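*Asks:*
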Amino acid sequence: MSKRVKISLEPASVRVPVDISETGVEIFKEESTFHNKLMENANRIWFERGEWKNISGESLEENVSRKRSRSGTESPSLQDADLQVSQPEKPTTVDGKGTTQLPFPDPQKLRESVVGKLNHAKSEIDVALDVINMLLSQRKTSSAKDLVLPPNTLQATYVSRPKQTAKHEAEASKLALGSKRKQLNDASKFLLEKAASLGSSVQAEQDFWDEALEMRRKCWLIQPGSAFQSYPGTAMASGERSFYVQYGFGDVGSKFREPTYAEITRAYDKSSGDEQQGAVQMLIPHTVRRHVVARLVESHIAGLDLNFDYSEKQLSNKAAASNIVDEDCKLNLDVSETSGRVHYLYILLCRSCLHRLL
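Per my numbering, residue 52 is the first one in the sequence shown, and the count goes up by one each step.
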């Protein structure tokens, strides 16, 4: 599997100072134009021309005349090569001091010759690089597939982003501001809702404990319940902390064996989710509905005839005519079918109605 390496090339944006003045100001090198750079390179090549320094116009003319006098068996290319390597015989004097000065050659010819030699050198360097790359590729094998195209064929060009118009920039700014405003409005709305809900919860809790404190001031004994045991008829499950008040007379010798502990809860309706008028409500065990099944049979005990044999119609009329049974309990009256002389009566009563009936 071939590895991809991304290389980002950026031009140096920091200019390197050439010198620093006495006042501490950095002095940067002035960048010359392309024309000036070309002239500087041409002058440098001219002054460093090496063996071309001794070539003059007279020497070239003498070489040409000498070549023409020879037989015409040699090719023109060889004649040109001989012209290039020929040396002048006598320098040309310019002043009386004996100093020599070469005539300035034709710039166009000089440029063409320099460009040709540079191209030849570049081609030689490219061939050498290709040979080196081939040797390195044979030494280190690569799992990547060879490209169909030769190397350095595909080139990347930087494409600048088109400049947006003023209208597009204004629309983009409006869209960004609108989206930010919507997000801020949604966040503020959510925070306000949660803050209001938290405030109502704190206020309900404060009201609950205020009323519980008022009950304690009115001599109502509030007892904390066990976290692992719940009293019958309470709404708290096992494992939850609850508070109870005793509203009966069990502590002063009453023989009425009934639970007299009422649970104090917060006035909150779980079915509707709305808070009630008061902050505290009490769950009394007697208000919790229970179903009791009674069975009446005929029996003879110690020679005494205790006859509880009633007809279905009489039992129904007796239970329905009783004014000590609640209306809800009368609706749950059910008389079973008779089997011989035994009658089964199933009455669904709450505990308070059952005590009053017995």
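Backbone N, C-alpha and C fix where the C-beta goes; we use that ideal spot for every residue, glycine too.
This structure is a prediction, so every number in the text was calculated from the model and none was measured.
1) Which residues in the same chain as valine 296 place their Cβ atom closer than 8 Å to its Cβ, once the five residues preceding and following it in sequence are excluded?
2) Put isoleucine 96 into one of helix, strand or coil per three-state DSSP.
3) If you run the structure through DSSP and keep just helix, strand and coil, what is leucine 334?
4) Relative to the alpha-carbon of tyrosine 298, which residue among Ala318, Lys269, Arg317 has its alpha-carbon at the smallest distance?
5) For a quick check, are the C-beta atoms of isoleucine 96 and valine 165 less than 8 Å apart?
6) Can you tell me whether lysine 57 is helix, strand or coil according to DSSP?
7) How would you call alanine 238, buried or exposed, if buried means at least 16 neighbouring beta carbons within 10 angstroms?
8) Would you give the residue range spanned by the alpha helix (DSSP H) that phenylalanine 300 belongs to?
9) Count the other CB atoms, across all protein chains shown, that sit within 10 Å of the CB of alanine 223; report buried if there are 16 or more and exposed otherwise.
10) Could you please give me the residues that DSSP links to threonine 316 through a beta bridge?
11) Restricting to Cα atoms, I'd like to know which of Ser251, Ala217, Ala318 is closest to alanine 263.
12) Relative to the C-alpha of lysine 218, which residue among Arg162, Leu226, Arg212 is closest?
13) Is it right to say serine 107 is buried, meaning 16 or more other beta carbons lie within 10 angstroms of its own, or is it exposed?
14) Taking the alpha-carbon positions, what's the arginine 66 to threonine 74 distance?
15) Mind checking who phenylalanine 79 pairs with in its DSSP beta bridge?
16) Counting only the same chain and skipping the five closest in sequence on each side, list residues whose C-beta sits under 8 Å from that of lysine 57.
17) With DSSP collapsed to three states, give me the class of glutamine 234.
18) Run the CB neighbour count on serine 293, radius 10 Å, all protein chains shown included, and call it buried at 16 or more, exposed below.
19) Terminal residues of the continuous beta strand (DSSP E) containing isoleucine 273?
20) Which value, in whole angstroms, describes the spacing of the CA atoms of serine 83 and leucine 235?
21) I need the boundaries of the alpha helix (DSSP H) containing asparagine 114, first residue and last residue.
22) Report yes if the CB atom of valine 331 is closer than 8 Å to the CB atom of phenylalanine 259, and no otherwise.
23) How long is the line joining the alpha carbons of phenylalanine 98 and serine 120, rounded to whole angstroms?
24) Does DSSP put phenylalanine 307 in a helix, in a strand, or in coil?
25) With DSSP as the reference, please indicate the residues paired to tyrosine 295 in a beta bridge.
26) Between the alpha carbons of leucine 243 and threonine 208, how many angstroms are there, rounded?
*Replies:* So, to answer that:
1) Met266, Trp271, Leu272, Ile273, Gln274, Tyr312, Ala313, Ile315, Met333
2) helix
3) strand
4) Lys269
5) yes
6) coil
7) exposed
8) Note, phenylalanine 300: premise wrong, no alpha helix (DSSP H); not H, not E.
9) exposed
10) Gln332
11) Ala318
12) Leu226
13) buried
14) 19 Å
15) Pro68
16) none
17) helix
18) buried
19) 273–275
20) 55 Å
21) 108–120
22) yes
23) 34 Å
24) coil
25) Gln274, Glu314
26) 54 Å
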